Amino acid sequence: MRSCAGRSPRATWAVLAMAVSSPLSHSATFVSEDLQLTIGPDGKITSIIDRVTGVERIKTTIPAYQPYLCVIQVSNVTLSPTGFTQAGDVLTYTFGGLTPAPVVTVRVRVMGRYLAFELLGVTNPGSIQNVRFVNLWTRDSIDRAIERFLRYNDSGRLRYLGLYDLDPHTQVYAGPNAAGGYLHALAHTGLALAPPLGAGRSVALMACDANDAALIEIARQVEADLSIPLGMAARDNPALRRSCLYLAQMGIGEGGLVLEAAQKSGVGRIMLFRNVWADARRGYAPPDVWGTVANLRAWVDACHAEGLLVGAHALPTIIPLNSINHIYAGCHPLIRRDRSVLLAAPVTPSQVSGLIQTVDPPSGWPTQPGQRDVAINGEIIEYTSLKTDAPPYGFVGPFVRAKNQTGPGGLGPQLHMPGSTIGRLVTVADATGYQWSFDAGGVELQCTEVAAAVAGAGFDFVYADSMEEVPLPYWYTTAKAVNMLRIKLGAFQSPPVYLESSAHVTGFLWPLVALWGQTDFYLDQAAFKAEVDRCLERMWQDPLDPSPRQMGWAPLNHPALPHATPDDLEYLLAKSAAYDMPVVFILWMVSLADWLHADANLHLIKKYEGLRLGGELPYAARLAAREPRKDFMHFADEAGNQHFAPVSRLAVAGDSPLVRAFMCDTAIRDDWFVTLWPTAANPPLQLRLPGVTADQLVVRDYAGNLVTPTPVGSDLLVPLRMRLYVQLLDAADPWTLFESATLEIGRP
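The numbering of the sequence shown is our numbering, which starts it at 310 and goes up by one.
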């Protein structure tokens, strides 16, 4: 590690002024408060100094091995410049190995604590694949954060050096390796919907301490200086600290019940699944649940009046297979086709079998179910297999003609003549829709429809889902699509408070997307608690990212899968408290009445929200509760003390399946704490505890109301119709007490 003395601010600006006006034979030095970057007279980077720690980061001082700030790639070969000039803050690189020689111009601006690099232009781009206009190679990096910041240990002080992409069209990435690490900013040719190469590509090079607060502080400065949308400011919204109720289904007139559930659970946000708030088949018009936009907006306003943010789940890149607006009367030309072939022979409206002949063999076209839809002159036809071995080539039936286009007003089967183009429609992974075209404007059309509907309803945020349903490269297309939605929302005078997405770090998504989150729970494949643990693993894939995180999506009462039991739910809530992360809970109104202990469960969510947000749980207990596959539960004693303790299953009444119970692993201040509940709504039960008197225990229900047991001889009879909490004040052997208890059918 090589250290260099820091400079005073006055000396810094003197060096900068001297550098940018010096002759060509001298180096150019750019100095911010935290960084000093020197470009040699040949355009190579000769020094990168962290001015806070005085450490030189350049990988090598050997001139032959030092990198140029700017290189290009042609035919997958990286080319170095053959000429370099500098005038003020503008650096010009010439690549004389090509004819005509490309010329790349880069501006370096000193911006307080960071340096901004702007690709001003590329003349004679020819066959350039990309321009790497920031090409830093460093020594001694130990790892990376958020795909764009390298981390270093400067004599015990951890520091970052990283790039912040300032537009959707620039790719940045950091790559640590055994010899150090690299930071690259690239401008690519051939990106759909991107401006000409050079226009608007820029990054910020920054250094700071390697902790969340320092990274957030400098990122906020960059965002404020350069008008980056959303960013850290959106992450500061206090609602992001609170959990979210995600409505997967609701019926007509149930808006009040949804709001009531949100109030009972104490969440700060509500999100509506796409089909709940919009009919995507009809351009995101309101579905029957709401009837009109005015009704939906009135409900959103009612939620706002209760202090809730309300969001809309949407699929900005997908169109449903059975779209009325864009498929039924004819397949929209902006639905994505990824391959095409010409028709060789007529196809009559009545043809449902045989061969649809093509000029060339449709080699490589998919044959798996759900991926075999093609469009000819607006008609969608599903084929069965392919004929590619010898002429005549084509698609083999039987065929589904006018798929999702048959009926009154539908397109119906058509006559298709030779020379017609057959395009393969790109079906999404779950075969429920097609991808909109990205480069031809289909995604923009869908974003316009979504934004108009979101603005009309008055939603605060949008979750852009299934963002993997775009063409390559994902780092660009996902961010471009989400940014397109943001721009459209602004055009409808409804800028989002924040955005969420199924993709959240890649490319320009980092400033756009406020939260890490979303792990689909596969309860048909694994138990609820196992899915909670898997969710946590995903949450910490990039532990150095300072973005807020949330757990979920956790299904509470799926109509066709096991419902979350009280201990399932408390396992999730305990982990939420342990890691101080809010949760997204998925709720179905159709099965809310069938969710056993629903009121107790919603009350439990509210209790944990208060405990987590109020910081009431001891840090040591929270750390202990992070242990996978270990249950923790919350108890309150009669003195008002709060206890967050490890618990284990407790056998009751001979380990009867009619009751489920947990007890703290060790006595707390000489008392034992038990919680138990019936596992079915009927029959109504009573628990007979043998040889116990009323002064030896306290029983309360989930809401804290006192439950008075009935003495029966030397026993106590406890009504067991809901979740109960028992504090045993004098019990030498609680295991035997509950094991030997009996269950009796009580009066309803």
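Backbone N, C-alpha and C define an ideal beta-carbon position, used for all residues, glycine too.
Model, not experiment: these values are computed from the prediction.
Residue from the options whose Cα sits closest to the Cα of residue i
i     : options                  : result
A589  : Y482, F442, W862, V759   : V759
D889  : Y880, P864, R921         : R921
E365  : N385, L378, F426, W446   : W446
G406  : V415, L1038, A930, P390  : P390
I628  : L617, W608, G816, Y593   : Y593
R448  : A929, D476, T370, L500   : T370
P780  : G718, F768, S746         : S746
G507  : V822, R529, R441, Q572   : R441
V983  : A930, L1046, N991, G1000 : L1046
R1032 : L1025, A1012, T1017      : A1012
G816  : L554, F801, V683, W784   : W784
R1030 : G767, V380, A909         : A909
S649  : D682, P678, T657, R360   : D682
Three-state secondary structure (DSSP) of residue i
i     : result
F837  : helix
N910  : helix
L1026 : strand
G564  : helix
S511  : strand
P1066 : The structure shown has nothing for residue 1066, since the chain only spans 310 to 1057.
L535  : helix
L882  : helix
N634  : helix
T715  : coil
S957  : strand
N604  : helix
S662  : coil
I451  : coil
L325  : Model confidence at L325 stands at a pLDDT of 43, short of 50, so the residue's coordinates are unreliable and nothing is read from them.
Inter-residue Cα distance where the pair is residue i and residue j
i     : j     : result
E342  : V771  : 38 Å
Y423  : F404  : 28 Å
S330  : Y377  : With a pLDDT of 37 at S330, under the threshold of 50, the modelled position of that residue is not reliable, and no figure is offered here.
G861  : Q827  : 5 Å
W819  : V968  : 47 Å
L1006 : I579  : 40 Å
A839  : D833  : 12 Å
L535  : C517  : 18 Å
P717  : I633  : 12 Å
K353  : L388  : 14 Å
L808  : H613  : 18 Å
I685  : A653  : 12 Å
Q1036 : E1048 : 17 Å
D829  : V893  : 11 Å
I914  : G575  : 7 Å
H497  : K916  : 51 Å
T715  : I636  : 10 Å
P504  : A835  : 47 Å
A887  : S957  : 18 Å
L333  : V752  : Any answer about L333 is weak, because its pLDDT of 47 lies below 50 and its placement is not dependable; what the coordinates show is given next. So the alpha carbons of these two residues sit roughly 48 Å apart.
G721  : G639  : 9 Å
L932  : A948  : 25 Å
E879  : W904  : 15 Å
E778  : A1050 : 57 Å
W322  : D521  : Caution is warranted here: a pLDDT of 39 is assigned to W322, below 50, making its placement in the model unreliable, and the coordinate value is therefore given only provisionally. In a straight line, the C-alpha of W322 is about 29 Å away from that of D521.
Boundaries of the alpha helix (DSSP H) in which residue i is found, first to last residue
i    : result
C756 : 751-766
W819 : 818-821
W981 : Element bounds for W981: not the alpha helix (DSSP H) but the beta strand (DSSP E), 981-987.
G540 : 540-544
G799 : 783-800
A699 : That residue, A699, is in no alpha helix (DSSP H); it is neither H nor E in DSSP.
Endpoints, beta strand (DSSP E) assigned at residue i
i    : result
D463 : 458-463
T347 : 344-348
R468 : 466-474
W586 : Segment 583-586 is the alpha helix (DSSP H) holding W586; no beta strand (DSSP E) there.
Residue i beta carbon near the ligand COA (any heavy atom closer than 7 Å)
i    : result
E758 : Of ligands this structure carries none, so the ligand COA is not represented either.
Inset, instruction - Determine contact between the segment 785-797 and the segment 750-767, defined as no fewer than three beta-carbon pairs at a distance below 8 Å. - result: yes
Inset, instruction - Kindly confirm or deny that the segment 695-715 and the segment 737-746 touch, where touching means at least three C-beta pairs closer than 8 Å. - result: no
Inset, instruction - Could you say if the segment 666-675 and the segment 614-632 meet the contact criterion of at least three C-beta pairs nearer than 8 Å? - result: no
Legend entry - Touch test, the segment 525-545 against the segment 421-440, Cβ-Cβ under 8 Å, three pairs minimum: These segments touch.
Legend entry - Given 8 Å, three or more beta-carbon pairs between the segment 849-864 and the segment 891-908: yes
Inset, instruction - Spell out a yes or no on whether the segment 462-479 and the segment 509-523 are touching, meaning 3 or more CB-CB pairs, one atom from each, closer than 8 Å. - result: yes
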